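Colleague: Quick one: the structure is below, and I'll ask about it shortly.
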Amino acid sequence: MKQFFLASILAGAMALPAFAADYKIIAPANPGGGWDQTARTIQTVMQAEGISGNVQVVNVPGAGGTIGLAQFASQDKGNPGSLIVGGYVMVGAILTNKSPVTLKDVTPIARLTGEYEAIVVPASSPFQTFGDLVEALKKDPGAVSWAGGSAGGTDHIAVGLIAKAAGVDPKKINYIAYSGGGEALAAILGAQVSAGISGYGEFESQVKAGTLRLLAVSSEERLEGIDAPTIKESGLDVVVQNWRMIAAAPGLSDEQKAAVNADIEKLVKSAGWQEQLKTKGWQDTYLAGADFDEQLAKDVSATEGILKEIGLVE
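Counting with mature numbering (1 follows the signal peptide of the UniProt record, and there is no 0), you get residues -20 to -1, 1 to 294 for the letters of the sequence shown.
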């Protein structure tokens, strides 16, 4: 009877889900922002899907994510249970803040989601098409003002790339950086600037209401459910994605890195994650392994190049 009882306990234990190590995720930003939302969504789905028994999120804000990145690289070295979220904004922040710690000092795992840039003008604008806006930019770059997010961020980079592709010196662009999306939106709606640029989600309700005109999006191909041409369709070879990624700590063994990769793959393929993407309106741009490493290197190089041409990086 005793042996039967022990065997029953062992069988029951083996039937329980085998959880990977607990995870701590650094969100290198304040609560409520995009990186924080990404970290907390990963937390929710990992636990709900049984990928990990316990996931904690820790906010370490400041300097475009570079403070959290530096802390993560130094304090979590060799810890397979520590992760950090980041994204394209961090690439620019590393350069503009002259951060001694870069993405080479951690272990990039995967690109998870992406958001494409949208170029809008107020409904009263004389610019009916993106081509009209580009023609005005070519004629007098300083006369075309752009409202967007922080200097050196995705919006600023996108405007620089548009100028460069149009044959305009990126240093001549008239870019006005706003700290909050609400301030930028007010400036665009009030026709205080020529055009606005941000993720489509920032403008969606105004575009649908007819108070803003959507001229173009920065995706490779047209986006489903969004009635706008791509920048490429207008003849400029510009594709910009404000992506979000997850990275592991430096100093992991191949086996530890493989285990983290496997858990992240389970995450992105889970029904819970796919449901969250739909709910939040995030584009699924999952890319992992060597393919992500290659794309990341290209993005870092292109970003460094355009920030130098804009004059934000020496």
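Backbone N, C-alpha and C define an ideal beta-carbon position, used for all residues, glycine too. Note that this is a predicted model, so its numbers are computed, not measured.
Tell me whether the segment 96 to 103 and the segment 176 to 192 touch, counting them as touching only if at least three CB pairs, one residue from each stretch, are closer than 8 Å.
Modeller: At 8 Å Cβ cutoff, the stretches touch.
Colleague: By the 10 Å Cβ neighbour count, where 16 or more other Cβ atoms means buried, how is Lys278 classified, buried or exposed?
Modeller: Flag for Lys278 reads exposed.
Colleague: List in chain order: all unbroken beta strand (DSSP E) runs of 3+ residues lying wholly within the segment 151 to 226.
Modeller: Runs of the beta strand (DSSP E) inside the segment 151 to 226: 154 to 157, 175 to 179 and 192 to 197.
Colleague: Between which residues of its own chain and Lys118 is the CB-CB distance below 8 Å, once the five residues before and five after are set aside?
Modeller: Hits under 8 Å: Ala146, Gly147 and Val148.
Colleague: Using a Cβ distance threshold of 8 Å, determine whether the segment 132 to 139 contacts the segment 64 to 79, with at least three qualifying pairs required.
Modeller: Contact holds: three or more Cβ-Cβ distances are below 8 Å.
Colleague: So, Ala208 versus Leu192, is the Cβ gap smaller than 8 Å?
Modeller: The answer is no: Cβ separation not under 8 Å.
Colleague: Do you know offhand how far Val139's Cα is from Val219's?
Modeller: Their Cα atoms are separated by approximately 11 Å.
Colleague: Would you kindly work out how many angstroms separate the C-alpha atoms of Ala9 and Asp217, rounded to a whole number?
Modeller: Ala9 and Asp217: Cα-Cα distance of roughly 32 Å.
Colleague: Tell me whether Gly30 counts as near the ligand HEM, meaning its Cβ is closer than 7 Å to at least one heavy atom of that ligand.
Modeller: This structure lacks the ligand HEM, and indeed carries no ligand of any kind.
Colleague: Three-state secondary structure (DSSP) at Lys57?
Modeller: DSSP places Lys57 in coil when its eight states are reduced to three.
Colleague: With a threshold of 16 other CB atoms inside 10 Å of the CB of Asn34, please say whether the residue is buried or exposed.
Modeller: Exposed: under 16 other Cβ atoms inside 10 Å.
Colleague: Assuming contact is defined by CB atoms lying nearer than 8 Å, are Lys152 and Pro121 in contact in what I supplied?
Modeller: In this structure, Pro121 lies closer than 8 Å to Lys152 by Cβ.
Colleague: Consult DSSP for Asn241 and reduce its assignment to one of helix, strand or coil.
Modeller: If DSSP states are grouped into helix, strand and coil, Asn241 belongs with the helices.
Colleague: Rounded to a whole number of angstroms, what is the C-alpha to C-alpha distance between Leu(-5) and Gly30?
Modeller: At Leu(-5) the pLDDT is 42, less than 50, meaning the model places this residue with poor confidence and gives no usable figure here.
Colleague: Just the C-alpha distance for Leu203 and Ala103, rounded to the nearest angstrom, thanks.
Modeller: C-alpha separation (whole angstroms): 22 Å.
Colleague: With DSSP as the reference, label Val280 as helix, strand or coil.
Modeller: Helix at Val280.
Colleague: Does the beta-carbon of Ala228 have 16 or more other beta-carbons within 10 angstroms, so that it is buried, or is it exposed?
Modeller: Burial call: buried.
Colleague: Distance, Cα to Cα, Phe272 vs Leu92?
Modeller: Between Phe272 and Leu92, the C-alpha separation is close to 10 Å.
Colleague: In its own chain, which residues sit with a C-beta less than 8 Å from the C-beta of Ala50, not counting the 5 before and 5 after it?
Modeller: Excluding positions up to five away in sequence, the list reads Ser79, Pro80 and Val81.
Colleague: Is Met(-7) helix, strand or coil when you go by DSSP?
Modeller: Low confidence applies to Met(-7): its pLDDT is 43, below 50, so where it sits in the model is not reliable enough to give any reading.
Colleague: Ordered along the chain, which non-local residues of its own chain (more than five positions away) have a Cβ less than 6 Å from that of Gly161?
Modeller: Here the set comprises Glu182.
Colleague: Counting only beta-carbon separations shorter than 8 Å, does Lys119 have a partner in chain C?
Modeller: Judged by its chain identifiers, the structure shown contains no chain C, having just a single protein chain.
Colleague: How big is the Cα-Cα spacing for Ile290 and Ala1?
Modeller: Straight-line Cα distance between these residues: approximately 44 Å.
Colleague: Name the DSSP bridge partner or partners of Ile5?
Modeller: Answer by DSSP bridge pairing, in chain order: Val37 and Leu63.
Colleague: In the DSSP assignment, what are the bridge partners of Pro102?
Modeller: Answer is Leu192, bridged to Pro102.
Colleague: What are the start and end residues of the beta strand (DSSP E) that includes Asp264?
Modeller: First-last of the beta strand (DSSP E) with Asp264: Gln263 to Ala268.
Colleague: Going by the CB atoms, is the gap between Gly205 and Ala28 shorter than 8 Å?
Modeller: No, the Cβ-Cβ distance between Ala28 and Gly205 is not below 8 Å.
Colleague: Measure the alpha-carbon distance for Val124 versus Thr76 and round it to whole angstroms.
Modeller: So the two alpha carbons sit approximately 24 Å from each other.
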